[in-house]
Amino acid sequence: MRIAFVALSLFVSLFPVASRADNVTSFTLENGLDVVVIENHRAPVVVHMVWYKVGSADEPPGKSGIAHFLEHLMFKATDELASGELSDTVSKNGGSDNAFTSYDYTGYFQRIAADRLDLVMDMEASRMDGLALVEGDIATERDVVIEERNQRTDSDPGALFNEQLFAAAYLNHPYGIPIIGWKHEAHALTLEDAQSFYDAHYGPNNATLVVAGDVEPGEVRELAEKHYGAIPPNPNIRQRERPTEPPQLAARRMQYSDPRIGNDYVTRIYLAPERSPGDQKEAAALRMLAQVLGGSSTTSVLARKLQFENPRAVYTSAWYSGRALDQTTFGLVIVPVPGTPLEEAEKALDQAVAEFMEEGVDQEELERIKMRIRSSQIYSQDDISSIANRYGAGLTVGLSIEDIEDWPQILDEVTEEDILAAAQKVFDARRSVTGFVSNGGEVTQ
Amino acid sequence: MIRVILGIVLAFALSGPLRAAVDIQEVTSPGGIRAWLVEEHSIPFTALEIRFRGGGSLDRPGKRGAINLMTALIEEGAGDLDAQGFAAARDRLAASYSFDVHRDALTISTRFLSENRDEAIALLRLALNEPRFDQDAVDRVRGQVLSNIRGDENDPNGIASRTFSALAYGDHPYATPIDGTIESVTALTRDDIVTAFADTVTRDRVYVGAAGDITAEELGVLLDSLLGDLPEKGAPLPKMAEVTLDGGVTLVPFDTPQSVSIFGHTGIARDDPEFFPAFVANEIFGGSGRQSRLSLEVREERGLTYGIGSYIANYDYAHLMVGQLASANDRMGEAIEVIREEWAKVAAEGVTAEELDQAKTYLTGAYPLRFDGNGNIARILVGMQIDHLGIDYIATRNSKVEAVTLEDIRKVAKRLYRPEDLRFVVVGQPNGVEAVN
């Protein structure tokens, strides 16, 4: 429970929730910009987001980190704005802004008083096709990105190992390359790299605008036409085509040792199908499987077997995030009690999963999980940013609004048979990578 | 992300409501328990935030970590329910209770649906009135706490924070982490946990904020049921800390590619007449809401870090002015030089009219945006009470910001920023950074 174990946290997302009560309207401008309006009049606030359907998995070979580096450079000058002016203007108006890069998308957002929507749209539109990179900004901002990598990854042995783990899981698909970039490649990125990535991928016909909060759809349409409507479609935009994985035929095993590791652990990931448009049933079963195995630190299968009945672990978890464009992963982790050899920890984990496959799903636990999903549809109404994120991320990985709205219901309909069938399929040792992570043999009691 | 979300949380609520309406009611239950409430009936749930002042600083001598471990155990079994029974009952209700503790308070953040509010409160009541602290739960959760401590011992930020606190707070409880040490936590007994609970969770130090689908009358009844039977008095609260920082550099060698630093000296009290000028000055100098001077000079101009900030850190028993950053080993020395120069510059010159203007527009405009969400509002309501801000604070806060003049800032900056008193704690292998005692 109060454990600070954050390995693989990138892939542990909050429970997705959706609801027809989200009050969603959508339309598409003539230039191809998809617009989603989520009305929520809880507070006079608006969240304005532009999601580009491009992420680190769309980078050219050898240029890892360019999607994220460009995200940083998007805060510099445009044809109409001076470097830093967008953020300065947002903060002068009491708002906040930021951006994020993932494998499949890059997003930019502002949160501000609802009556300033016109202002932030005007600025966001300016960088959709008017980014004006200058050489003077490049070296310094690249240093900032390297410091970001130092902070997030190189200073954190768990994060460093995750890079290795995912590189091993994906032989050919770019999900094996870290979003922030391999350090040696991120060091070498140039203005030309950023410009050509921008030219290839940014434009209204490769973006989704999400506006959530105290707004009316008619008003948003009018403003969107005014600010984004005049931007011509980018003729360079192509369907995303990525290298695909060959069949994995051999289990992969890794050992990592770093004196900075506080607690030794074993983690394993299996390749697993993602949520597909119109076909989310298997993904839903996997999501429920992760919840049943590791969703509660007290009552789920791994906690019960490994921390309560016969205590051999201080922490266990299972996770699955289906919101991806391509094949994703299902993960397990065990942090054994100190002094336990990792071979034994792995054996205990395997045994717990095997027993679960024999014993089946505890119906009461399944019912509690479903109750939590249903209730999260009520609780989530209180947080417009999380609703906006759900739609933005879902739409940019190819799901439809209907898919996103149907998801809670599909989860609710998952049965024990569905879960066990999904488990049978996903827990194929040949499609796994197992990592032993330790601080080099020094056992701290 | 383009910007890091910096990790130091201000210990006071500089939060206020919308121009329009955050209508706070003061509720006193039939049994005499006070709470602040914002009614919001549009979504059928309520967020309830409860804080017990004192928190982790009330550990008895030799029992460091007892209150932290106790806090983690409150939901590990109560009445006739063991840990798993309690979790199952909570999840069936789709309620959430989050127990946490920091150096100034033990906090309980809860939310529950209107449709089963009575059951959700009855279950929480059981946890607060009949916690079991079963030996097996104590041992299991102790194992988790120890693993946290082990992780923290190898974490540069954890090392920096521990070192800085040890230098800053002498023999005050703030000087050591509330988690305790491997040794102290290993030695704790069930009796220690029971004592920790009795010392901490009492009526004489409780503060409550509520927001959501509940009326004042319903809240009054709920408060009596939930908290009415708690013991009246707990352990004596701590005294003010004597801050023992002096100027210099403390270097902690650690094998990592990027050094981290925490730096600071004494600050200014929340109720000081010059607090608002100081608050606005620091927003300009090192605040995180807009481009600050530190961020401009250290990040934008020189690319020395991903994030840097400074904070007026007001704890219940100490006032500090602190900052933090991470920078590559070969660049930390330059970063420290820039920080010192900026520290001296703001002390000598104050800020410009343009900076003051922009900070005011930002601060007054951002204020209303803090009040979205029942959980956020409930937390703000508790923070205001803990800081003795008064129920009308929200209406007057922006005018206090507006009233700050350039001269006010010039005056307070000399007091607030003292480069000669700055103590840097640096963890890593920084080139060209020498320890200076």
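Heads up: the protein sequence lines correspond to chains C and F, in order. According to this note's numbering, numbering within the first sequence proceeds without interruption in unit steps and concludes at 445. According to this note's numbering, numbering within the second sequence proceeds without interruption in unit steps and concludes at 437. Quick reminder that beta carbons are idealized off the backbone N, C-alpha and C, glycines included. From a predicted model like this one, the values you see are computed outputs, not experimental measurements.
The Cβ of Asp88(C) sits closer than 8 Å to at least one Cβ of chain F. Glu241(C) has its alpha-carbon roughly 34 Å from the corresponding atom of Gly294(C). By the criterion of a C-beta distance shorter than 7 Å, Asp104(C) is surrounded in its chain by Gly55, Ala57, Ala324, Leu325, Thr396, Val397, once the five residues flanking it on both sides are discounted. With respect to chain F, the C-beta atom of Val337(C) has a partner C-beta closer than 8 Å. Of all residues in the stretch 303-320 of chain C, the ones placed with a Cβ closer than 8 Å to any Cβ belonging to chain F are Arg304, Gln307, Phe308, Pro311, Val314, Tyr315, in chain order. Here Pro277(C) is not near Ser102(C), since their CB atoms are 8 Å or more apart. Put simply, of Ala95(F), Thr163(F), Ile268(F), Ala72(F) the residue whose alpha carbon is nearest the alpha carbon of Arg372(C) is Ala95(F).
Exclusion of the five residues before and after Val426(C) leaves Tyr270, Ala272, Leu286, Phe330 as the residues of its chain whose Cβ lies within less than 7 Å of its Cβ. Rounded to whole angstroms, Arg111(F) and Ser375(C) show a C-alpha spacing of 11 Å.
If only uninterrupted alpha helix (DSSP H) runs of at least 4 residues are considered, those enclosed by the stretch 269-296 of chain C are 281-294. Rounded to the nearest whole angstrom, the CA to CA distance from Val134(C) to Leu33(C) is 27 Å.
A distance of 8 Å or more separates the beta carbons of Ala78(F) and Glu39(F). Annotation for Tyr52(C): Tyr105, Thr106, His201, Tyr202, Asn206, Ala207 place their beta carbon closer than 7 Å to its own, counting only its chain and skipping 5 residues before and after.
DSSP lists Val437(C) as the bridge partner or partners of Tyr265(C).
Gly228(F) is not a Cβ neighbour of Arg205(F), given a cutoff of 8 Å. Cβ atoms of Ser184(F) and Lys345(F) stay farther apart than 8 Å, at about 44 Å. The continuous alpha helix (DSSP H) containing Gln363(C) extends over residues 363-379. Annotation: the continuous alpha helix (DSSP H) that includes Gly383(F) extends over 374-386. Ranked by Cα distance from His227(C), the first of Ser91(C), Leu29(C), Gln424(C), Ala283(C) is Leu29(C). Minimum Cα-Cα distance from Thr215(F) among the listed residues Leu416(F), Asp136(F), Asp23(F), Arg410(F) corresponds to Asp23(F). Closest in C-alpha terms to Asn431(F), from the list Ile74(F), Pro253(F), Leu245(F), Thr28(F), comes Pro253(F). The three-state secondary structure of Glu49(F), taken from DSSP, is strand. Using a CB distance below 9 Å, the part of the stretch 25-52 of chain C facing chain F consists of His41, Arg42, Ala43, Pro44, Val45, ordered along the chain. If you draw a straight line from the Cα of Val45(C) to the Cα of Ile112(C), it comes to about 6 Å. Closest by C-alpha distance to Phe100(C), out of Asp129(C), Gly65(C), Leu349(C), is Gly65(C). Linking Gly85(F) to Val141(F) through their CA atoms gives a straight-line distance of about 16 Å. For Met70(F), the enclosing alpha helix (DSSP H) has its first and last residue at 66-73. If you draw a straight line from the Cα of Ala348(C) to the Cα of Tyr169(F), it is about 45 Å long.
Below the 7 Å Cβ cutoff, chain F contributes Ile2 as neighbours of His72(C), in chain order. Within the stretch 20-98 of chain C, the complete alpha helix (DSSP H) segments at least 4 residues long are 66-73, 85-92, listed from N- to C-terminus.
Residues of the same chain with a CB within less than 7 Å of the CB of Pro157(C), apart from the 5 flanking positions on each side, are Asp258, Arg260, Ile261 in chain order. When Cβ-Cβ separations below 8 Å define contact, Ile419(C) makes no contact with chain F. Identification of chain F residues near Thr298(C) by a Cβ-Cβ cut-off of 7 Å yields Ala83, Gln84, Ala87, ordered along the chain. Per DSSP, the beta-bridge partners of Met254(C) are Gly435(C).
A residue is called buried when at least 16 other Cβ atoms come within 10 angstroms of its Cβ; Asp316(F) meets this threshold and is buried. Checking the DSSP bridge columns, you'll see Asp100(F) partnered with Thr107(F).
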